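In what follows, a structure is listed as structure tokens, so that the remarks can point back to it.
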Amino acid sequence: MGFRINTNVAALNAKANADLNSKSLDQSLARLSSGLRINSAADDASGMAIADSLRSQAST
């Protein structure tokens, strides 16, 4: 007896889109909750470098 494997392409696409939207929402909520313009180097690498430089100068 053979098995038949069916895939639901529409459901797989819907899940992929839902996962993408969830990731985007998580990033937006992290930015809003911190109140900072730059949360990580991925947001603005040069801005993060400048901020770190200014922070180290202010602490010395």
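Everything in the sequence shown is counted per this note's numbering, starting at 115 for the first residue and increasing by one. C-beta atoms are modelled at their ideal positions from N, C-alpha and C, and glycine is treated no differently. Quick caveat: nothing in here was measured; it's all calculated off a predicted structure.
Beta carbon of residue i nearer than 8 Å to that of residue j
i    : j    : result
N153 : R145 : yes
A172 : M162 : no
Neighbourhood of residue i by C-beta, 7 Å cutoff - its chain only, sequence neighbours within 5 removed
i    : result
D247 : Residue numbering for the chain in the displayed model covers 115 to 174; residue 247 lies beyond these limits and cannot be assessed.
L150 : none
Close-in-space but distant-in-sequence residues of the same chain around residue i (CB under 6 Å, 5 per side omitted)
i    : result
T124 : It should be noted that the sequence gives Ala, not Thr, for residue 124. Correct list: empty, nothing qualifies.
Sequence-distant residues of its chain with Cβ nearer than 8 Å to residue i (five each side left out)
i    : result
A140 : This sequence places Asp at residue 140; Ala is not what is there. Counting only Cβ-Cβ distances below 8 Å, and skipping sequence neighbours, we find nothing.
Residue i: CB within 7 Å of a non-hydrogen atom of the ligand MG
i    : result
D140 : For the structure depicted, the ligand MG is absent and the ligand set is empty, with no information on it obtainable.
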